[in-house]
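In our numbering, the protein residues as written are 216 to 526. All C-beta atoms, glycine included, are put in the ideal place defined by N, C-alpha and C. Note that this is a predicted model, so its numbers are computed, not measured. Everything below concerns the one structure shown next.
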């Protein structure tokens, strides 16, 4: 009897007496106490169970996220398992956005997933506005729920992907790890699903909605080069600071190397940095020895003072 329904059915059918029923139910309830014992050292303030939903609240930033069924890699689960979720990165991003203008910053969250970065920046910089792009419909539903839970109203959610072309493309998504969704099959997981999602280019979206940018966070599981190629005019015009993931193994799925993205952005005046011990360090090229997977690009003219403050 592995779940509440089986236990209750056995009791109601007379296959389990009252004492056995109580013991069996408590074995299931005991996991709540086990969670409580292990919550203290983490950056989670608490876990809340309500009918049909489990949510978790972080200590810092004090944001609340829904915990979807089956998703083993969602931010609160990662924080419980490993103590926190991208602590060094989010704190550096917080400093960076503060230097860029705080609540006045125009923010683009590309590959928003459940919205952790949008939620954090909206908390730290009340009034900060922008757009959060998430193409996968189920994940987009979680994003909407998290925005509602945290009263985020100035960042506009869009059920839309960004690439170097407009149209409709196939995405591979995984309920067990929604953050691995991509236009290539990056993960060998049995629960893979194929969904067709609308995509556009960053330049086309910017022109249609008169949307500018001062800071871009981009995490699209290997397709980052195509996002930024589709946003070349916006990058040339606005010169936003960029925080992006670049994994060699994911980029290879799209038949390019992170250095191709570095070269593309260098042609627009950007310099690449890694986050090292809470500060920025130059990273002119990615090699086999590069351990970092998150990078910050700053424009050599637009962000000279910012680069100096964070180095």
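1. Using 10 angstroms around the beta-carbon of residue 219, count the other beta-carbons present and answer buried if the total reaches 16, otherwise exposed.
2. Can the beta-carbon of residue 365 be found closer than 8 Å to that of residue 279?
3. Exposed or buried, which one is residue 242 when buried takes at least 16 other CB atoms within 10 Å?
4. Which value, in whole angstroms, describes the spacing of the CA atoms of residue 363 and residue 357?
5. Might you give, ordered along the chain, the residues of its own chain that have their beta carbon closer than 6 Å to the beta carbon of residue 457, omitting 5 neighbours on each side?
6. For the structure I just gave you, are there three or more beta carbon pairs, one from the region 286-302 and one from the region 384-398, closer than 8 Å?
7. Quick test of your reading: residue 440 and residue 471, contact by CB under 8 Å. State the CB separation rounded to the nearest angstrom.
8. Could you please give the first and the last residue of the uninterrupted beta strand (DSSP E) stretch that includes residue 403?
9. Which residues does DSSP list as the beta-bridge partners of residue 491?
10. If you compare alpha carbons, which of 236, 437, 311 is closest to residue 475?
11. Reducing DSSP to helix, strand and coil, say where residue 338 ends up.
12. Going by the beta-carbon positions, is the gap between residue 477 and residue 505 smaller than 8 Å?
13. Between residue 303 and residue 229, what straight-line distance do the alpha-carbon atoms span, to the nearest angstrom?
14. So residue 396 and residue 354 are supposed to be a Cβ contact under 8 Å. How far apart are they, rounded?
15. Write down every uninterrupted run of the alpha helix (DSSP H) in the region 450-494 whose length is 4 residues or greater and which is fully enclosed by it, in chain order.
16. Please list the segments of the alpha helix (DSSP H) lying wholly inside the region 352-387, counting only runs of 4 or more residues, in order along the chain.
17. Check whether the Cβ atoms of residue 412 and residue 384 sit closer than 8 Å, and answer yes or no.
18. Quick one: complete alpha helix (DSSP H) runs, 4+ long, within the region 237-316?
19. Determine, using beta carbons only, whether residue 369 and residue 336 come nearer to each other than 8 Å.
20. Along the alpha helix (DSSP H) that carries residue 418, what are the first and last residues, could you check?
21. Between residue 307 and the rest of its own chain, which residues show a CB-CB distance below 6 Å, the 5 nearest in sequence each way excluded?
22. Less than 8 Å between the CB atoms is what I'm expecting for residue 341 and residue 318, so what's the real figure, rounded?
According to the data block:
1. Exposed, because fewer than 16 other Cβ atoms sit within 10 Å of the Cβ of residue 219.
2. In contact: residue 365 and residue 279 (Cβ atoms closer than 8 Å).
3. Result: exposed.
4. One C-alpha to the other measures close to 10 Å.
5. Counting only Cβ-Cβ distances below 6 Å, and skipping sequence neighbours, we find 431, 512.
6. Yes, the region 286-302 is in contact with the region 384-398.
7. Yes, residue 440 and residue 471 are in contact; Cβ-Cβ is about 5 Å, under 8 Å.
8. First-last for residue 403: undefined, no H or E at that position.
9. Residue pairing by DSSP places residue 491 opposite 494 in a beta bridge.
10. For residue 475, the nearest C-alpha among the options comes from 437.
11. Of the three classes helix, strand and coil, the one that applies to residue 338 here is helix, per DSSP.
12. In this structure, residue 505 does not lie closer than 8 Å to residue 477 by Cβ.
13. Distance from the CA of residue 303 to the CA of residue 229, rounded to the nearest whole angstrom, comes to 55 Å.
14. Indeed they touch by this definition, with Cβ atoms about 7 Å apart.
15. Within the region 450-494, complete alpha helix (DSSP H) segments of at least 4 residues are found at 463-468, 473-481, given in chain order.
16. Qualifying alpha helix (DSSP H) stretches, in chain order: 352-364.
17. With contacts defined by Cβ atoms closer than 8 Å, residue 412 and residue 384 form a contacting pair.
18. Entirely contained in the region 237-316, the alpha helix (DSSP H) runs reaching 4 residues are, in chain order, 290-297, 302-315.
19. Residue 336 sits away from residue 369, with the two beta carbons spaced by 8 Å or more.
20. For residue 418, the enclosing alpha helix (DSSP H) starts and ends at 417-424.
21. Closer than 6 Å at Cβ, skipping near neighbours: 490.
22. Between residue 318 and residue 341 the Cβ distance is about 6 Å, and since that is below 8 Å, they are a contact.
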